[in-house]
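Visitor: Below is the structure I would like to discuss, written out as C-alpha cells.
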Amino acid sequence: MQSASALSPTVRDEMYALFARAYTGTDRARFDADLAAKRDVLLLYNGAGRIVGFTTLALFEDTDRGRPIRCLFSGDTVVDPAYWGTQVLNFAWIRHVARVRDEAPGTPLYWLLISKGVRTYRYLSAFAHAYVPGAPATDDPDLRTLRDRLATRLFGAEFNPVRGIVTHDPPREHLAPALAGLPRAGRAAIEAQRFARLNPGYIRGDELVCLCPLEPENMRPFARRLTRKAHA
C-alpha cells in the first residue's frame with residue numbers, strides 16, 4: 323500500500339498505461355484528478371517489478387440514522403488480464419480493510435464500490451454475504467437508502483437513485499471491447515447476468531453503485547481469516 327499523494331511520476335505513468343489498455347476513451351488529466359482525490363493505492367507487481375494491477379481508495383465519514391459511519395470508497399481497479407488468476411491484490415485489500423477498521427473500531431465501516439464491469443462487481447460476492455444491489459434474497463432497503471444518499475453526496479445529479487447508476491455527461495471511459503465480454507458458465511455467469519440487468523449501459527461507461535457493510539459478521543470466512551491474520 324502507498325499513499326496516493328506520495329506516488330512517483332514513474333508509478334503514475336505505469337498506472338495510467340495499464341488503465342489506458344483496459345479502457346477506451348481515457349483522459350490523463352481526469353485520471354490524475356481522480357487519483358489526487360484518493361487516500362491510498364494498492365499496487366500489484368509482477369516478478370520483473372512491473373505494475374500489473376492497482377486499486378485506488380478514498381475514506382470519508384458520514385452518518386446513518388444519526389450514528390457516525392466511515393466509508394471506504396473504491397475508485398479505479400485494474401488488473402492486467404495475464405494476472406487475473408492471482409489473489410495477491412485481493413488479499414492486500416482485505417488486510418487494508420482490517421487496518422482501516424482498526425482506526426475507529428467502534429464505528430461501522432462500509433465499502434462503496436462503483437463498477438464499470440462485471441469483474442469488479444463480482445468482488446462483492448467474493449468478499450461478503452450481503453450487499454446492494456445483490457441477490458434478491460439479501461436485499462436490504464435501509465442499505466439501499468444509505469447507498470443512494472452516499473452516492474448522491476459523491477456524484478450529485480450524475481447518480482440516478484432509481485437505477486442505482488452513475489451516468490457521466492460527457493461520457494467517460496468504458497471497458498475496452500476485448501474486456502467487456504460476460505462469463506457464460508457457472509456462478510460467474512449468474513452474477514454477470516445480474517450485473518448486465520442492473521447496468522445495461524456498462525458498455526458505454528455507466529457505473530453501478532454498490533454498498534457493502536464491512537463488519538466481520540458480513541465477511542466470508544476466508545476474508546475474516548485474513549483480517550485476523552492482519553492483526554497477528
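Residue numbers (our numbering): 323 to 554.
Just so you know, even glycine gets a beta-carbon here, dropped at the ideal spot from N, CA and C.
Since we're looking at a predicted model, the values are computed, not measured.
Inspect the CB distances between the stretch 519 to 539 and the stretch 490 to 498 and report whether three or more fall short of 8 Å.
Guide: Enough Cβ pairs lie closer than 8 Å, so yes.
Visitor: Considering only the beta carbon of each residue, do ASN540 and HIS451 sit closer than 8 Å?
Guide: For the purposes of this step, residue 540 is identified with residue 218 of the sequence shown, where counting begins at 1. For the purposes of this step, residue 451 is identified with residue 129 of the sequence shown, where counting begins at 1. Yes. Within cutoff.
Visitor: With DSSP as the reference, identify every bridge partner of TYR345, one or two as the case may be.
Guide: Translated into the one-based positions of the sequence shown, residue 345 becomes position 23. Looking at the DSSP assignment, TYR345 forms a beta bridge with LEU497.
Visitor: Please name the residue or residues paired with ALA279 in a DSSP beta bridge.
Guide: Residue 279 is absent from the structure shown; the chain starts at 323 and stops at 554.
Visitor: With contact counted as at least three CB pairs below 8 Å, one residue from each stretch, are the stretch 450 to 464 and the stretch 532 to 539 in contact?
Guide: Output reads yes: the stretch 532 to 539 touches the stretch 450 to 464.
Visitor: Assess contact between the stretch 425 to 437 and the stretch 386 to 399, defined as three or more Cβ pairs (one per stretch) separated by less than 8 Å. Is contact present?
Guide: Short answer: they touch.
Visitor: Is it right to say TRP406 is buried, meaning 16 or more other beta carbons lie within 10 angstroms of its own, or is it exposed?
Guide: Counted from its first residue, the sequence shown places residue 406 at position 84. With fewer than 16 other Cβ atoms within 10 Å, it is exposed.
Visitor: Roughly how many whole angstroms lie between the Cα atoms of LEU357 and THR378?
Guide: For the purposes of this step, residue 357 is taken as the residue at position 35 of the sequence shown. For the purposes of this step, residue 378 is taken as the residue at position 56 of the sequence shown. Whole-angstrom Cα-Cα distance: 7 Å.
Visitor: Can you give me the start and stop residues for the beta strand (DSSP E) that GLU529 sits inside?
Guide: As a working note, residue 529 is residue 207 in the sequence shown. Where GLU529 is concerned, the enclosing beta strand (DSSP E) stretches over 529 to 535.
Visitor: Which residue wins for smallest C-alpha separation from ALA328, given the options ALA342, ASP362, LEU468, ALA420?
Guide: For the purposes of this step, residue 328 is identified with residue 6 of the sequence shown, where counting begins at 1. The shortest Cα separation from ALA328 among ALA342, ASP362, LEU468, ALA420 belongs to ASP362.
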